[in-house]
Each structure stands twice: as C-alpha cells, then as structure tokens.
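One structure is given here, and the rest of the page talks about it.
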Amino acid sequence: MNRKDLELIRNIGIISHIDAGKTTVTERILFYTGAIHRMGEVHDGLATTDWMPQERERGITITAASISTRWQDHTINIIDTPGHVDFTIEVERSLRVLDGTVAIFSAVDGVEPQSEVVWRQAERHGVPRIAFVNKMDRIGADFENVLKEIREKLGAKELVLQLPWGEEENFHGVIDLVEERALSWAADSQGVHYETVEIPEDLRSAAASSREVLLEAVAEADEVFLEKYLAEGEGQIEPDEIRQAIRRITISGQAVPVLCGSGLRNVGIQPLLDAIVDALPSPGDLPPVPGVTPESGSPASRDNTPNAPFSALAFKIMTDGGRRLTYLRIYSGRLAVGEGVYNPGREKEERAARIFQMFANKRSRLDAAGAGSIVAVAGLKHTFTGDTLCDPKDPIRYGSLEFPEPVIYLAVELRSAADEKKLNESLQKLRAEDPTFHVREDAETGQTVLSGMGELHLDVILRRLKEEFSVDLRAGTPRVVYRETLTVPAVGEGVFDREVGGKSLFARVVVRLEPRERGDGIEVDAAHPNLPAEILPAVKRTLSQAAGSGPIGGYKLVDIAARVVDATYDEARASETAFEAAAGMGFQSAAAAASPVLLEPWMGVEVVTPEEFLGGIINDMNTRKGRVEGVSPRGNAKVLQARVPLADMFGYSTDLRSASEGRATYSMEFSHYDVVERSPARERG
Ligand code: GDP
Ligand code: MG
1486 MNRKDLELIR NIGIISHIDA GKTTVTERIL FYTGAIHRMG EVHDGLATTD WMPQERERGI
1546 TITAASISTR WQDHTINIID TPGHVDFTIE VERSLRVLDG TVAIFSAVDG VEPQSEVVWR
1606 QAERHGVPRI AFVNKMDRIG ADFENVLKEI REKLGAKELV LQLPWGEEEN FHGVIDLVEE
1666 RALSWAADSQ GVHYETVEIP EDLRSAAASS REVLLEAVAE ADEVFLEKYL AEGEGQIEPD
1726 EIRQAIRRIT ISGQAVPVLC GSGLRNVGIQ PLLDAIVDAL PSPGDLPPVP GVTPESGSPA
1786 SRDNTPNAPF SALAFKIMTD GGRRLTYLRI YSGRLAVGEG VYNPGREKEE RAARIFQMFA
1846 NKRSRLDAAG AGSIVAVAGL KHTFTGDTLC DPKDPIRYGS LEFPEPVIYL AVELRSAADE
1906 KKLNESLQKL RAEDPTFHVR EDAETGQTVL SGMGELHLDV ILRRLKEEFS VDLRAGTPRV
1966 VYRETLTVPA VGEGVFDREV GGKSLFARVV VRLEPRERGD GIEVDAAHPN LPAEILPAVK
2026 RTLSQAAGSG PIGGYKLVDI AARVVDATYD EARASETAFE AAAGMGFQSA AAAASPVLLE
2086 PWMGVEVVTP EEFLGGIIND MNTRKGRVEG VSPRGNAKVL QARVPLADMF GYSTDLRSAS
2146 EGRATYSMEF SHYDVVERSP ARERG
C-alpha cells in the first residue's frame, strides 16, 4: 500500500437526529455499491446496520455499526450511528476516528435538536461534513427551509449542489448544478437506474440562478478557483475544477455541500456517493493526529502512511459469541496477523491473533491492514475503548475519548442467587463495550447499582443481560444522579494531632472553598508558603478526591474552587498521611459551612405533535415542572420546546403515546445541572 492507495479510502460517518433516515440511506449505499444484494427496511426490522435483535425490534440504531464497501475504485468505510441521546458515546467514538461525515436532515423536520448536538460534536472533532436533505418525497418537505436552518441554527455556510425535481409525492430526481443536467429515477428499478437528461424548461431559470450563487460562494472561499473564475468567466469552467474547489473548501471546513433526495424512494443516493468520494477527505488529506511520547509526555506524531511505525486507536469493543473484538482505526504503519503491539497506557504487550474487515455483524479475514483503515482485531485482552496501540519499538500515545458521565441509575437484584458469577462476568463484558455504563456495589444495601445515560440505555442493557447472557434481574425504579455544589465561600480548618504507632504526628491545613460558575468545574490550588514542595501533591490529591463526595448525600461536588489558605508544618512531626488527613478534614468542614445544595440534571425536550393534543401535552409538562420555552409550527404539526428535570421525564414515552394516540414524538438532550427545588424523596419513580 502506498500514498495513492490512501487517497482511495474514505472513512465516513452518518450522523443525524433520530429518524432522519441514517439507516435507510446507509442501506441504499450498501445496495448500490454492491455490498448487499437485497435491501432491507428499518420498519421491517431488516436493515443491515441495525443487526442487534433489539435494534430490529425497536426500529432504532443502538450501536454504531461499521461497514466497508466500494464506489468508483474507492474503499468506503461507513459507520452508521444512533441518533438517540442515550447513545451519544457511539457518535463520539465514531467521530473520533472518522475523516468525514454525512449529516442527514429530514426535509420535513429541518435541523432537529439532536442533529444540532451531533453537528457540534463533529465540529469539535474538526470533521468535514456534507449535508443530505432526506425525505424530499414527504408531504411538507421544504428544501429551502432546511437550508435556512443550516445557516441559522448551525451557523454553517451552505454550498447547494442540487435542486429537488418534483415536489412531495412527485419528487423523482435532482438538478445537478455542477454538471448542469437533470437526473431522474424511475420508480421501478429500486433506484438502481436513473436517467440523465437536460434540465427541464420550468426549472432552467431557478437552476441558472442557483448555479450562480454556488459559483460565487465557491469563488469567495477558494482563491485558486477565484482566479480562474475572474480570468475565464463562468462559461469556461470545467465541472472538475468546480468539484476540486468544493473539495478544498469542504476539507478546510469553510462550507458544507448540500444534496437532496429520498432514501425510502431511492432517489439521489448515487450522487451522494459521488459527493462522498469527491468532497470528503481521504486519510492522507488530513494532518497527522497529535499524540505524545509515553515516557516523556512530549508532543509526537506519526506520518499517516503505511511506511511509518504502527499506531492505532481502539474505539470500540464488542463481545461476539464470547469472543472479544477490538475495533481499531489505524493511523500509521501496518499491522499483520500475529504481530505484537504495545498498549502504552496500560503498559501491556498484546498480539493481534486475527484481523477482520467488518460488515456490521459479519466479517471477512485480512492478513494485514494499513494506515487509514478501520478494522476489528481479535486476541487483544488488555485494551479498552480509547486506548492507543503502537509499535513496541516506537511508542506513541494518543488522547483518549471523552466519556459523558451517567445521569441515571437503578438498583438490580438477581432472581436467583446462583447466577451471581454469571452476572458479574456479563456486567464486565458490557462495561468493556460501553464506557458510559457503570456498575457499583451499594455499600449499605449490598445491591448492585447500574448507571447510564438514560432510561432507554439501561433498558437496553437489562434486555441484553436477559437475552444474550441469560441473567434474570429484578430492577428497581430509575433515579437521577445528583450532584452537589456550594453557594457561599467558607473556610475550614483541619488539624491532625495524634500518636500513631508510638510516633507523634501533626499537621494543620486551612482550606477555603468557593463556588464557581456553573460548568466551570473543579479547581484545586494546594500551594502555600508554609508547605514544602514534597507535601503538595498529597494535599492536592486529597482535596481533589474530597470533591468526589459532597456533604449532603455523598454526590460528586461540581463547580468549586479549593485553596489552601494557611498551614502549619512542624518538620519533626510532619508526615504525608497526617497532611492528607488534615486536608480532608479542612475540606469537609469548609464544605459543610458553604451552604451546599443538590443539583439535578435538566433536559432540553422537544415534542412534535398534531395541534389537537398540544394543550394536553403542555398541561402535562407543567405538572412535570417543565418550563415551556416556546411553541412553533412545523408543517401542519406543532413543536413544543421545554426544559424539564430528568427525574420528571421517567416514563414519558409511554405517557406521551397515550396522550396523543401515539401520534406525537419527542426527543431530549442533556441541558444542564440545576438546583433541586423540591425534596428528592418526591421524585417520580
Ligand atoms: P435513523 O433513525 O436516522 O436511522 O432513521 P431510519 O433510517 O431508521 O428512518 C426512520 C424512518 O423514516 C423509517 O421508518 C424510514 O422508513 C423512514 N424514512 C427514511 N428515509 C425516508 C425518506 O426519504 N422518505 C420517507 N417518506 N420516509 C423515510
Ligand atoms: Mg438508525
């Protein structure tokens, strides 16, 4: 493999709000690229990337599936991600290892909340995007409105490459503004065949003016193109030159190409594939991922070619038939079957027993894989999500992934004590797969407590325990994970003065705690003129640890600053342990005096409903202590925006279904932590 081969790879993700059509579009991509020979539909439980039994049953994507296929001599590795807020880790880990994304929007619903969340995620990872406006066949489809929302809600600059041809049920093709031609799909060939014809008379002037807008925007963003455009005029510009300029603009993140179509009606997918190849980067187009040398921590990077030393990031673990598969994005070098690799974070040597190209839950064996590829490896025992693997002789370590913290938990009990061992093993496997799923033992009740990102998340896990691992559990009611913070500054003194093992020990630390702005996190400053340097790390560590357990209920403290404001160090009687104890006591007495409060998670909720149910839904929101922030029309439906404590949203999907005869839908995302205004005992269960 050489640099030329690298240019023929596209690692892309499909992201959007739930139901915009990611899985449906992915299924078409697989079909037209010849990767599958029959198309399965989400609503029939037959889509290729929704392969888990629960995905098929619930009609939603839960786990990011990785699939490789080919188009125009290019290898395209696609990750179909879930849109639901409970599974954002799947989006996060995918974006971390992808080079480009296709963001799908529903032509009827526009830029929905979760689309905005995943868009920002992609932005944060600096991943170039193209947009596909799907569902153009549906009543109420509004291409212009989606463009407006892409501009206004996402603050993105759009490069419109196509106009829709035909409206709603008559939508059957697109006008290609780059090639100046029209593409039309016949209803009967499952979209395999389409005709290329002249732009129809009635769309010519719209197409001409849209093309002018496009070329102006391209010229504005790309200097090479601008020169050509000024020197030669529009008539002389080849479509290839336009495409190359669009590619540069997309990769640099200045603007987003927009295409349109209908996944379900098989319209517009082949041009989308062309755009993936034309506009999104190959692994070689991107700068090397920054890392560090494990020993020294100094900045390091690896050339993203197959000739450089091997390095990769493990972004997903999957247990399949008891066997553990580790998904890798290879950044540099090459990995062959049987070769040893080094995990610098865990200081472990590992061996790649097998390498697979993944095709959702199916796979094919490879002898080796090189820079730019996404593969799964069997035989790794000590590697977890976010870990780096590298050449043992030339180690590098990349930054891990950010894992969101759990917001809800529930206690579980085994129906049969005999399953104890099986339960522990299963939980360990699920933990390895999913870093946002946590397990702990409740010290007081002895119960096992599971925590995660939402009701659906834990529900999926309970079902997997039962169906995949045959562990039958009784689950308690879900509860939200509280946090604590402080509302006024306070000072606390900790004095340790005791005989320990016949030796007199003494330490005194005075700690000042202060509230910080919400979201600012924890800041610890242990430095004080009275404290010698060797004692500082222990004091600092103690203060940081103390923040892990607040004075009200032992919940994590957030958004506070801790500072040592006085200390007594008596050289003859000082010890690290004594200072740890004194710092801990100082922290606790300050925290108790700083008017602590409980915080609970609030969610941003969006409900889309036929107007007739709106009144009832608003009343219900009010009983949940939700703050309704606005109601707006969308097509012939109403969209209600609200903020509601997560504790009051338990069971909402069932309640909303019965309040709207199953016709309203909702989505929610984490908003912020806020002070609990009622006693936690009153929370819904
Ligand atoms: P995902 O949640 O983004 O993966 O969305 P799915 O692919 O599961 O699609 C959600 C629903 O919308 C399914 O019932 C699809 O059949 C339907 N759907 C997807 N694309 C289209 C489209 O272009 N037109 C219409 N009318 N329905 C679509
Ligand atoms: Mg899906």
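If you read the sequence shown in this note's numbering, its first letter stands for residue 1486, the second for the next number, and so on. Cβ atoms here follow ideal geometry from the backbone N, Cα and C, with glycine treated the same way.
Would you check if the distance between the CB atom of Met2134 and the CB atom of Val2090 is smaller than 8 Å?
Yes, Cβ-Cβ distance for Met2134 and Val2090 is below 8 Å.
Taking buried to mean at least 16 other C-beta atoms within 10 Å of its own C-beta, is Asn1846 buried or exposed?
With fewer than 16 other Cβ atoms within 10 Å, it is exposed.
Per DSSP, what kind of secondary structure is Gln1842 in: helix, strand or coil?
Strand, per DSSP.
Measure the CB-CB distance between Asp2005 and Trp2087 and report whether it falls below 8 Å.
Not in contact: Asp2005 and Trp2087 (Cβ atoms no closer than 8 Å).
Do Val1507 and the ligand GDP come close, with the Cβ less than 7 Å from some heavy atom?
Looking at the sequence provided, one finds Lys at residue 1507 rather than Val. Yes.
Which runs of the alpha helix (DSSP H) spanning at least 4 residues fall entirely within the segment 1689-1770, listed in chain order?
The segment 1689-1770 contains these whole alpha helix (DSSP H) runs: 1689-1706, 1708-1717, 1724-1736 and 1754-1764.
Cβ-heavy atom distance between Gly1568 and the ligand GDP below 7 Å?
Gly1568: yes, Cβ under 7 Å from the ligand GDP.
Could you please give me the residues that DSSP links to Ala1975 through a beta bridge?
Partner(s): Leu1998.
Measure the CB-CB distance between Val1703 and Arg1614 and report whether it falls below 8 Å.
Their beta carbons are not under 8 Å apart, which means Val1703 does not touch Arg1614 by this criterion.
Does the distance from the CB of Gln1647 to the CB of Leu1744 come in under 8 Å?
Yes.
For the putative contact between Ile1815 and Ala1856, defined by C-beta atoms under 8 Å, what is the C-beta separation to the nearest angstrom?
Rounded, the Cβ-Cβ distance is 6 Å, consistent with contact.
Using three-state DSSP, classify Gln2030 as helix, strand or coil.
The answer is helix: DSSP assigns Gln2030 an H, G or I state.
Taking one C-beta from the segment 2070-2088 and one from the segment 1965-1983 each time, how about it: are there three or more such pairs within less than 8 Å?
The segment 2070-2088 vs the segment 1965-1983: in contact.
Around the C-beta of Ile1624, are 16 or more other C-beta atoms found within 10 angstroms, so that it is buried, or is it exposed?
By the 10 Å Cβ count, Ile1624 comes out exposed.
Considering Cα atoms alone, identify which of Ala2127, Arg1997, Gln1539 and Lys1833 is closest to Glu2154.
Of the candidates Ala2127, Arg1997, Gln1539 and Lys1833, the one whose C-alpha sits nearest the C-alpha of Glu2154 is Ala2127.
From Ser1885 to Val1576, what does the alpha carbon distance come to, in whole angstroms?
Each residue's Cα considered, the two are about 15 Å apart.
Taking buried to mean at least 16 other C-beta atoms within 10 Å of its own C-beta, is His1569 buried or exposed?
Answer is buried; the Cβ neighbour count reaches 16.
Ignore the nearest five residues each way along the sequence and tell me which others in Phe1844's own chain have a CB closer than 6 Å to its CB.
Cβ neighbours of Phe1844 beyond the five flanking positions: Ile1552.
With a cut-off of 8 Å on the beta carbons, I'd call Glu1940 and Pro1920 a contact; round off their distance for me.
Contact doesn't hold; Cβ gap of about 19 Å is too wide.
When every heavy atom of the ligand GDP is checked, does at least one fall within less than 7 Å of the C-beta of Ser1747?
Indeed, a heavy atom of the ligand GDP lies less than 7 Å from the Cβ.
The alpha helix (DSSP H) with Ser1885 in it runs from where to where?
From DSSP, Ser1885 is part of no alpha helix (DSSP H); its letter is neither H nor E.
Locate the alpha helix (DSSP H) running through Arg2109, then write down its first and last residues.
Unbroken run through Arg2109: none, as it is neither H nor E.
Assuming Ala1854 and Leu1895 make a contact with CB atoms under 8 Å, what is their CB distance in whole Å?
Between Leu1895 and Ala1854 the Cβ distance is about 40 Å, and since that is not below 8 Å, they are no contact.
State the CB to CB distance for the pair Ala1592 and Val1618, rounded to an integer number of angstroms; the pair is presumed to be in contact (CB under 8 Å).
That belief holds up - the Cβ atoms of Ala1592 and Val1618 are roughly 5 Å apart, short of 8 Å.
For Glu1540, is the beta carbon positioned less than 7 Å from some heavy atom of the ligand GDP?
Every heavy atom of the ligand GDP is 7 Å or more from the Cβ of Glu1540, so no.
Does at least one heavy atom of the ligand GDP sit under 7 Å from the Cβ of Glu1526?
It does: the Cβ of Glu1526 is within 7 Å (strictly closer) of some heavy atom of the ligand GDP.
According to DSSP, is Ser2145 helix, strand or coil?
Coil, per DSSP.
Rounded to whole angstroms, what's the CA-CA distance from Asp1927 to Leu1935? Just pull it up for me.
For Asp1927 and Leu1935, the distance between alpha carbons rounds to 10 Å.
Taking just the CA atoms, how far does Gln2030 sit from Glu2002?
One C-alpha to the other measures close to 20 Å.
Give me the DSSP bridge partner(s) of Ala1896.
Val1934.
Apart from the five residues on each side of it in sequence, which residues of its chain come closer than 6 Å, Cβ to Cβ, to Leu2042?
Cβ within range, chain order: Glu1969, Ala2032 and Gly2035.
Distance, Cα to Cα, Ile2045 vs Thr2027?
About 15 Å.
Does the contact criterion of 3 or more C-beta pairs under 8 Å hold for the segment 2092-2112 versus the segment 1576-1589?
No contact exists between the segment 2092-2112 and the segment 1576-1589.
Which one or two residues does DSSP pair with Ala1672 in a beta bridge?
Its beta-bridge partners do not exist; DSSP assigns none.
Mark Lys2172 as exposed unless 16 or more other C-beta atoms lie within 10 angstroms of its C-beta, in which case mark it buried.
Examination of residue 2172 is not possible in this model, given that the chain is present from 1486 through 2170 alone.
Counting pairs of Cβ atoms below 8 Å between the segment 1628-1640 and the segment 1752-1767, do you hit three or more?
No contact exists between the segment 1628-1640 and the segment 1752-1767.
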